[in-house]
Structures are given as structure tokens and as C-alpha cells.
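Taking UniProt numbering, the leading residue of the sequence shown gets 1, the next gets one more, and so forth. Every residue, glycine too, gets a C-beta built ideally from N, C-alpha and C. The model shown is predicted, which means the values in this text are computed figures rather than measured ones. Inspection log for the structure reproduced underneath, given as C-alpha cells.
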Amino acid sequence: MTTQRQLLDDCFLHDKDRMKHAEVLETIDRNLALIVDDEELTINDAAGRVVAEDIIAPRNVPYTDNTAVDGYAFAHADYISCNGKLSLGALIAAGDAHEVTLKKGECARIFTGAIMPNNAETVAMQEDCDIGEDGKIHIPPGLKQGANCRKSGEDLKAGTPVVKQAELLTPAKIAALASIGIDKIKLRKKLRIAILSTGNEILESGQDFTAGKVYDANRPMLKALLDGNMVSITDLGILPDDESAITQAMQRASKTHDLILTSGGASRGDEDHMLNVLSNLGKRHLWQIAIKPGRPMMFGQIKNCVVVSLPGNPVASMVCANLYAYPVIAKLLGMKTKKPQGVNVEAAFEIKKKKTDRREFLRGWLEEDDAGNTIAVKFDRDGSGLITGLRKATGLIEIPENVNKINKGDRVRFVPFHTFKPE
Numbered sequence: 001m002t003t004q005r006q007l008l009d010d011c012f013l014h015d016k017d018r019m020k021h022a023e024v025l026e027t028i029d030r031n032l033a034l035i036v037d038d039e040e041l042t043i044n045d046a047a048g049r050v051v052a053e054d055i056i057a058p059r060n061v062p063y064t065d066n067t068a069v070d071g072y073a074f075a076h077a078d079y080i081s082c083n084g085k086l087s088l089g090a091l092i093a094a095g096d097a098h099e100v101t102l103k104k105g106e107c108a109r110i111f112t113g114a115i116m117p118n119n120a121e122t123v124a125m126q127e128d129c130d131i132g133e134d135g136k137i138h139i140p141p142g143l144k145q146g147a148n149c150r151k152s153g154e155d156l157k158a159g160t161p162v163v164k165q166a167e168l169l170t171p172a173k174i175a176a177l178a179s180i181g182i183d184k185i186k187l188r189k190k191l192r193i194a195i196l197s198t199g200n201e202i203l204e205s206g207q208d209f210t211a212g213k214v215y216d217a218n219r220p221m222l223k224a225l226l227d228g229n230m231v232s233i234t235d236l237g238i239l240p241d242d243e244s245a246i247t248q249a250m251q252r253a254s255k256t257h258d259l260i261l262t263s264g265g266a267s268r269g270d271e272d273h274m275l276n277v278l279s280n281l282g283k284r285h286l287w288q289i290a291i292k293p294g295r296p297m298m299f300g301q302i303k304n305c306v307v308v309s310l311p312g313n314p315v316a317s318m319v320c321a322n323l324y325a326y327p328v329i330a331k332l333l334g335m336k337t338k339k340p341q342g343v344n345v346e347a348a349f350e351i352k353k354k355k356t357d358r359r360e361f362l363r364g365w366l367e368e369d370d371a372g373n374t375i376a377v378k379f380d381r382d383g384s385g386l387i388t389g390l391r392k393a394t395g396l397i398e399i400p401e402n403v404n405k406i407n408k409g410d411r412v413r414f415v416p417f418h419t420f421k422p423e
């Protein structure tokens, strides 16, 4: 039996007009929690899903000592005392379950993956050995004890976790589960996300272009950015700048989705209705963030559905999705939020003056200078409607609030886009 989880109804509360970047992340982490239930699937259908339970290794992997090569298995002490000339005993193939015990001065012909004899711990590769005129196997000198032998439990020890609750199932983790014979696993159900854009000026791709209109870049971008096996996405299309139409669409979507992502209409203009809609339908917990780009962004909820209203400009929309939508998704799936992994490198640009009350995220990429040093290169224009900057960039250059200028050669933090994703 599953139970419907509930969101805290005071999440995102804050008494400041503009919340700092770190405060937004802290508020998300503190107030959002797991909202989806579990389901059981086979591991063949589990890639990219979030694990709902710890899986413990029931036995050692490998289960027994076995050989890593085709060759000859023996006790290293016999190899030394017999000067590398051993009598041939049993033949052991991969899959043989019978136990073999070697006699003194004896070796076994063995094939990759086969169980080692009880009293052997070393294997010589077959291409290094010869059969002498004396009928014995001649093994070259210098072989170390334990060579080419895989020990029981060297990959996994019985009783150790293979995967843990709230981890993302990667191909490597699926291989580990398969190696202990797991067929079915409990997973978080997919997070149901609705995506919509607002604006009378927005056109759908494929529609005829007319002056005063722009094509919607945000919905395709957000769908591509967030799409994956941990979520299911519903495209609600483009809504006009009409408060009634937006209200109806948001109300319907909130009943069947865990998260609504909107873009556009989050400012204070006469045709920006998202503020009123969210306040009337539910709770608007946050509006205006002290970052650039992306200041006019909102968090809130309609009953048990979280709402993230992203800016309308594509650059700001993508930056905010990376910075905040990903942590929201992680928390709603019961995952731990993480600080994206960045690198500190020299700036190949300068900023003569920067406001100190906000954190800035610049589009950029890494290059190598003539001296072989890694440097951060900034896209030459900062406009939040310039998709070209997103297309060229491989990540964001993060400039903290207390920095008021950047000189060439100053150390800056570069965060690749891929490190923002939950894992």
C-alpha cells in the first residue's frame, strides 16, 4: 500500500525582498522532501531511475577464488621448491563446481573464470609455459605469489551495499546488481513534470513568422534539459497573456503533476500574470533572486504541486533551470542535493565593474593558453536573450556577490553544465 506524501506548506518562506543564491539552495534543501511513491521494476527497465531501497550483496563477488587467465594453477611454494617444473593434474573449466585439491608438486590446467584448486593461489599464463621432455609443465621463473588469481569477494563482500536508497541507477550500478543475481528492484516512480510557456508574442515552431513574434525556445530547451528516465514530461504548450487561461491551465496541471515549470510572465508588467495566478491558486513563497541572469523567478506551490516560474529570456531560463530546477527535482525524488563540481582557473577576460549585491553566472568555456594553462573564456556579450552564448558555452563562470571586478588572470570558478544534473 502506498501513501500520498505531502509538501510542507511553508516552504520557501523568507522575509527578504531578494534572496541570495545560497539561501535559495538552502531553502530548497530544507523544505522540500520526497513526494513520489515507489514501484517495482526489473533491472532491464531500471536505467536512469532512482533507487528506493538499499540493496545488499547476499554473497561474495566473485564467490570463490578463480583464475583471470587460461593457464596453470598451483601452490607458489611448490613452484619454488620444484624449480618451476610441476606435474600436470586435474583440468578445470569455467563452470565446473567440483572441488580440486592438488598433490604435492602438481598443477592444474585451468581456464579463465574457473574455480581455483583448494590449495592453489597462483596461475601462470599458458603462453608463458612449456611442456618439457620430462612431461612436466615448465613455468618461467619470477612469478609472484597470487599472480592471475581473483580472490573471493575482491569485487563485493557479502553484506556490503551494492546500491543505496536515493541513488541514480547508472549502467555500472546495474551491472553490479546483475552480478549478484538481482532481477527486480524498488524504484521511485517518475516525477511528473508539466512544462508551459506564456506570451502573446510566442510562436510554436513551424508556425508562420510575423513581425513582433518570436519562436518559443524555452519549452524545447527545458524538455531536452530535464528529459530522462527519472521524470515524465507533459508539454502544455503556449498560453496567452490572459490570467483566466493561465489560471485554468495551472489548476488542471496541479492536480496531475508533481512539478510545474513555467517560463515567462514572472515580472511585474501589465501582461505578466504568473504572480497573481500563483498567489490566488496557492502560495507564492519567493519572487526576485539576487542573481544575474534570472532575477524575476518564482517558487511556490498549488496544494501538493511545486511551481517553478522561470524567466522568459532563454539564457535566464536555462541558467535558473540548472541552478534551481535540478535541486527541486532531486529533493522531490528523495535524492540529496549536491554542489555542482567546478574548477578554479584563470580568467581570460576582465570585468571592470560588477554590482556586489548579486551573484553572476556568465556563459563560457575552457581553453588552454600558449603556456599550457587552463583558462576560462567568457562569451563576449551578456544579454539574456542571446542563445548564441548558450550554444557556444560548455558551462557557467560563477562570480560571487562580494566580487566587484575581475582582472585577467584572477581565479574564477567554472562549472560545466553536466555537473548540475542530479546523480
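Item                                                                                                    : Value
Identity of the residue in V214, E167 and Y324 nearest I291 by Cα                                       : Y324
N-terminal and C-terminal residue of the beta strand (DSSP E) that S197 is part of                      : L191 to T198
For D130, three-class secondary structure by DSSP                                                       : strand
Contact test: K354 Cβ vs the ligand ATP heavy atom, cutoff 8 Å                                          : Because no ligand of any kind appears in the structure shown, any question about the ligand ATP cannot be addressed here.
Simplified DSSP state of K405, which is helix, strand or coil                                           : coil
F74 burial status per 10 Å Cβ neighbour count (16 or more: buried)                                      : buried
Three-pair Cβ contact test at 8 Å for the stretch 206-218 versus the stretch 90-107                     : no
Per DSSP, cross-strand counterpart(s) of R109                                                           : Y72 and L91
Rounded Cβ spacing between L177 and A321 (contact assumed at less than 8 Å)                             : Actually they are not in contact, since the Cβ atoms of L177 and A321 sit about 31 Å apart, beyond 8 Å.
Three-state secondary structure (DSSP) of D15                                                           : Bear in mind that the predicted position of D15 carries a pLDDT of just 35, short of 50, making it unreliable; the figure below should be weighed with that in mind. It is coil, neither helix nor strand.
CB-CB length for L332 against V306, believed under 8 Å                                                  : 7 Å
Classification of I375 by the beta-carbon crowding that lies within 10 angstroms, buried from 16 upward : buried
C-alpha distance - L275 paired with K255, whole-angstrom precision                                      : 19 Å
C129 vs H138 beta-carbon contact at 9 Å                                                                 : yes
Whole beta strand (DSSP E) elements within the stretch 180-246, 3-residue minimum                       : 184-188, 191-198 and 231-239
Coil, strand or helix - R150 by DSSP                                                                    : strand
Where H418 falls, given that 16 or more other Cβ within 10 Å makes a residue buried                     : exposed
Inter-residue spacing [alpha-carbon to alpha-carbon] between I202 and K352                              : 36 Å
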